[in-house]
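The listed protein sequences derive, respectively, from chains A and B.
Using the working numbering, the letters of the first sequence map in sequence onto residues 1 to 249.
Using the working numbering, the letters of the second sequence map in sequence onto residues 1 to 166.
Beta carbons: idealized from backbone N, C-alpha and C, even for Gly.
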Amino acid sequence: MIYTWIIAALIFAAVRLGTRNMNRIPAAGQNVVEAAVEGLEKLTSGLLEPKVARWVFPLVATFFLFIVVSNLMGLLPGVGSIGWGHAAKDSALPFAIEHADVPLLRPPTADANMTVAMSAVFFVMSSFWALRYNGPLGLVKHVFGVKGGMKGLIVIPLALIFIFIGLIEVISICIRPVALAMRLYGNIYGGESVLTIMLTNSPLGLGALPFYFLELLVAVVQALVFTLLSIAFIGTLCSHSEEEAAGHH
Amino acid sequence: MEHTLQTLGIQWPKLIAQVINFAIVLFVLWRWAYKPVLSMLAVRRGLVEESVTNAEKIKADLARTEEERKKILGDAGVQASKIIEETRKAAEAELAKRSQEALATANDIIAKARQANEAELARMKAELRKEVGRLVVDTTAKVTGKILTVEDHQRLAQETTRQLAA
């Protein structure tokens, strides 16, 4: 929790430094913030309808920035390894412990509470936007409706099939936040565990070095995966592409 | 369910606190990062669009000016050729007129000179006759030793004049 606040404060400080004196010709800090925001805005608007992209952008951009900063800060020495635990018996160092059972600082994304919290926010907001975009009846039609522009008597048996598919879709919608939360938590927690094992079980901890590079990559990739999947999931609920395609036929 | 949450370390108070933390981060970023940056990007995009529009307008104006310049130069060339041609024709006409006038003046001068010459010649001839008549009278008087009368004078003069005219 403390580390979440530290990361939030760091993000806040970076943003304030970047946007304190905004000019048409940007300085270094402003350039960084602008590049990040513009890149994420283009990513979002490239995958969603303009109206939906405007609603969704702040949330998915925050997902990416918060997760990437958390993941990278989780790789700093001492994070997850300094804390309270059983005292090391044969160590010459004072206050040495076998393993930090209660670490002082933990990366928020290696804590299921944070990943589940973000997924919960995603679920609530994506449901709200789906209702806002389709309307209550439109959403039901979007999930359970017969797709493919079918007309006539064929619609009756197809409707039964599509109701069944809709039920699967509802399960899928409910599983999405769980998948998002567990994917991120598993990857970061797993990476942290690998680093700890390699640090404690290799000479001078050198065995952890290649995994540090791997985890740097994973830190950015997982943030991107969480963000892109959030956009894609919202896109499936807030689009008329199927209806439009059917309309064209 | 409860067991799974416990295994994952999920606790409701922590979960709610993290939702609040994330909401705070979202608000901070929305208020102090996304809003001003997107506004700035919109302003800059507007400026770029305006600059591109202006550049295209300037390019079109330049092309039109170049076209007008070429047209003016072409017109000026045509007009200059016309003026030169007119001037040449006027000069030729003036030259012909002046030549005619000079020729007429020269002919006039020649005619007047001829008339003056003829008059002078006639006058000189008359004087010559008169002088010759006087010489004939004087010579006759000296040769004959006779004093000539007025009638003799007239007769001799008329005779001399008649012979000289012949």
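Worksheet item: What number of angstroms, rounded off, separates the C-alpha of residue 52/A from the C-alpha of residue 36/A?
Response: Linking residue 52/A to residue 36/A through their CA atoms gives a straight-line distance of about 20 Å.
Fill in: Residue closest to residue 77/A, alpha-carbon to alpha-carbon, out of 142/A, 168/A, 199/A
The option with the nearest alpha carbon to residue 77/A is 199/A.
Item to complete: Determine, using beta-carbon pairs with one atom in the segment 21 to 33 of chain A and one in the segment 128 to 137 of chain A, whether at least three such pairs fall under 8 Å.
Response: Too few Cβ pairs lie closer than 8 Å, so no.
Worksheet item: Name the chain A residues that come within less than 8 Å of residue 9/B, Cβ to Cβ?
Response: The contacting residues are 111, 112, 113.
Discussion item. Which of the three DSSP states is assigned to residue 94/A in this structure?
Written reply: Residue state, collapsed to three classes: coil.
Discussion item. Quick check on DSSP: helix, strand or coil for residue 78/A?
Written reply: Here residue 78/A sits in coil by DSSP.
Item to complete: Taking only the alpha-carbon atoms, compute the straight-line gap between residue 11/B and residue 156/A and give it to the nearest angstrom.
Response: Taking the straight line joining both Cα atoms gives about 47 Å.
Worksheet item: Should the segment 118 to 126 of chain A be regarded as contacting the segment 175 to 184 of chain A, the criterion being three or more beta carbon pairs within less than 8 Å?
Response: Between the segment 118 to 126 of chain A and the segment 175 to 184 of chain A, the count of Cβ pairs shorter than 8 Å is three or higher; the stretches touch.
Discussion item. Just to confirm, is the Cβ distance from residue 236/A to residue 43/A under 9 Å?
Written reply: Against a cut-off of 9 Å, the Cβ pair of residue 43/A and residue 236/A comes out as no contact.
Discussion item. Along the chain, where does the alpha helix (DSSP H) containing residue 33/A start, and where does it finish?
Written reply: 28 to 47 is the span of the alpha helix (DSSP H), which, as asked, contains residue 33/A.
Fill in: From 119/B, 30/B, 86/B, residue whose alpha carbon lies closest to that of residue 19/A
Minimum Cα distance to residue 19/A is reached at 30/B.
Discussion item. By the 8 Å beta-carbon criterion, what residues does the segment 174 to 188 of chain A contribute toward chain B?
Written reply: Within the segment 174 to 188 of chain A, the qualifying residues are 185.
Fill in: C-alpha gap between residue 158/A and residue 192/A, whole angstroms
For residue 158/A and residue 192/A, the gap between their C-alpha atoms comes out near 49 Å.
Item to complete: Indicate the three-state DSSP secondary structure (helix, strand or coil) for residue 143/B in the structure shown.
Response: Residue 143/B falls in the helix class under three-state DSSP.
Worksheet entry | Whether residue 7/A touches residue 70/A by CB criterion (9 Å) | For residue 7/A and residue 70/A, yes; Cβs fall inside 9 Å.
Worksheet item: Which of helix, strand or coil does DSSP assign to residue 88/A?
Response: Note: residue 88/A maps to coil in three-state DSSP.
Worksheet item: Looking at C-beta atoms only, is the number of pairs between the segment 180 to 196 of chain A and the segment 208 to 220 of chain A that lie closer than 8 Å three or more?
Response: Flag = yes, the segment 180 to 196 of chain A and the segment 208 to 220 of chain A touch.
Discussion item. Any beta carbon of chain A sitting closer than 9 Å to that of residue 78/B?
Written reply: Contacts with chain A at 9 Å (Cβ-Cβ) do not include residue 78/B.
Discussion item. Can you give me the C-alpha to C-alpha distance between residue 66/A and residue 24/B, rounded to a whole angstrom?
Written reply: Cα-Cα distance, rounded: 11 Å.
Fill in: Contacting residues, own chain, Cβ-Cβ under 7 Å from residue 123/A (five flanking each side not counted)
Short of 7 Å from the beta carbon of residue 123/A, and not among the five residues preceding or following it, lie these beta carbons of its own chain, in chain order: 177.
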